[in-house]
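There are 2 protein chains.
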Amino acid sequence: MTVSYNKVQPEELHKLGLKQTPARLGVLKILENQTSPLDALTIHSYLREKNLKTDPATVYRILDVFYQKGIVSRFELEEGKFRYELTAEDHHHIVCESCGKIEDVSDCEVDKVEKQIKMRKRFLVKRHSLQFYGVCASCQG
Amino acid sequence: MTVSYNKVQPEELHKLGLKQTPARLGVLKILENQTSPLDALTIHSYLREKNLKTDPATVYRILDVFYQKGIVSRFELEEGKFRYELTAEDHHHIVCESCGKIEDVSDCEVDKVEKQIKMRKRFLVKRHSLQFYGVCASCQG
DNA sequence: TTAGGTGCAAATGATTTGCAATAAT
DNA sequence: ATTATTGCAAATCATTTGCACCTAA
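Keeping their order, the protein sequence lines are chains X and B. Numbering of the first sequence is given in our numbering, commencing with residue 1190 and proceeding in unit increments. Numbering of the second sequence is given in our numbering, commencing with residue 1190 and proceeding in unit increments.
In structure tokens, the structure reads:
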């Protein structure tokens, strides 16, 4: 049930053809110390707290390139913005509509997962949102 | 596998305490004739095509109240905006990353659904996104 | 040195809001 | 007549972009 997040070593950046900059290392460190996904502007303000003054545009660019390289995952929680987290094993999120707390679940069958959530976490599942992304028949050429 | 959408009768609006206005009826009609979910601004431009000149703000307000009343469902497809459809039986969406086509699936177990999608639709599932919304233990008081 | 990164300011896109005018019941 | 609804303009929020400057390798 626990999700393990990869700690991304700074050298990883070089391996991926990315320069090691203070802003990038700062973003990684913030995401490593995080248990739930953050949006770009929150990451930006955390950077400022660490006395790393960056521009929001920079944070967006960093998150973009990290997403392209697969270092971070990105998704929406019906808030009208994206959240990011270090890429981990496949898992889902349960979001409390009351307090906003976001937790991980690492199973993959909806029914079973729902039952587990109800029994183990006493989380009341009101609904779930599921989309599949891929390539349709006519686009597979 | 087919999802049935409720045709919303105009009288429904009155039952829900909503006035029957041209803009609202127009939005309903557009959504009824739709097989895949639309975003607010697309709905707005469809209204103009029907010579129903409305303001985007009005469309947003209509969709909001419809959503609150449960007439429409609302979700995100990693586009940075919301899509809306008439509320139907529980189902999921498969999105082609190549052409953007959005289709419905009305099953509910991820693995089975993935297999079905692969076999019946020749849709190549690359990933899926799944979130649960509800109330966590500490908020259930 | 030099290509890749960043800051800044302006632009874009989705959505929201205040308020006065208007239309549904 | 009364209240909900709409239009319009301005504001907000998330995100992107152009361009000149800077810095990691």
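Here a beta-carbon is modelled for each residue, glycine too, at the ideal position from N, C-alpha and C. In this text, all values refer to a predicted model and were calculated from it rather than measured experimentally.
Contact annotation: in the segment 1244–1268 of chain B, residues whose CB is within less than 8 Å of a CB in chain X are 1263, 1264, 1265, 1266 and 1267. For residue 1230(B), the closest of 1224(B), 1221(B), 1222(B) and 1216(B) by C-alpha to C-alpha distance is 1216(B). Setting aside the 5 residues that flank it on each side, residue 1265(B) is surrounded in the same chain by 1271 and 1272, each with a C-beta closer than 8 Å to its C-beta; the list follows chain order. Excluding five sequence positions before and after residue 1225(B), the CB atoms of its chain that fall closer than 7 Å to its own CB belong to 1291, given in chain order.
Distances from the alpha-carbon of residue 1253(B) to those of 1207(B), 1329(B) and 1200(B) put 1207(B) closest. Chain B has no Cβ within less than 9 Å of the Cβ of residue 1239(X). Residue 1233(X) and residue 1199(B) have their alpha carbons spaced roughly 47 Å apart. By the criterion of a C-beta distance shorter than 6 Å, residue 1262(B) is surrounded in its chain by 1274 and 1276, once the five residues flanking it on both sides are discounted. Looking at 1211(B), 1218(B), 1259(B) and 1251(B), the one whose alpha-carbon comes closest to that of residue 1241(B) is 1211(B). Interface criterion not met: the Cβ of residue 1304(B) is under 9 Å from no Cβ in chain X.
In terms of Cβ geometry, residue 1201(X) and residue 1228(X) do not form a close pair [threshold 9 Å].
For residue 1291(B), the three-state secondary structure derived from DSSP is strand.
The Cβ atoms of residue 1236(X) and residue 1219(X) lie closer than 9 Å to each other. CA-CA distance, residue 1283(X) to residue 1204(X), rounds to 33 Å. If you draw a straight line from the Cα of residue 1244(B) to the Cα of residue 1257(B), it is about 20 Å long.
Sorting 1304(B), 1213(B) and 1196(B) by C-alpha distance to the C-alpha of residue 1255(B) places 1213(B) at the top.
Residue range 1261–1265 is occupied by the beta strand (DSSP E) that includes residue 1265(B). DSSP lists 1265(B) as the beta-bridge partner residues of residue 1271(B). Contact of residue 1204(B) with chain X is not assigned, every C-beta pair being separated by 9 Å or more.
Residue-level contact by beta carbon fails for residue 1196(X) and chain B, as no gap is shorter than 9 Å. Scanning 1251(X), 1278(X), 1329(X) and 1248(X) for the CA closest to the CA of residue 1288(B) turns up 1329(X).
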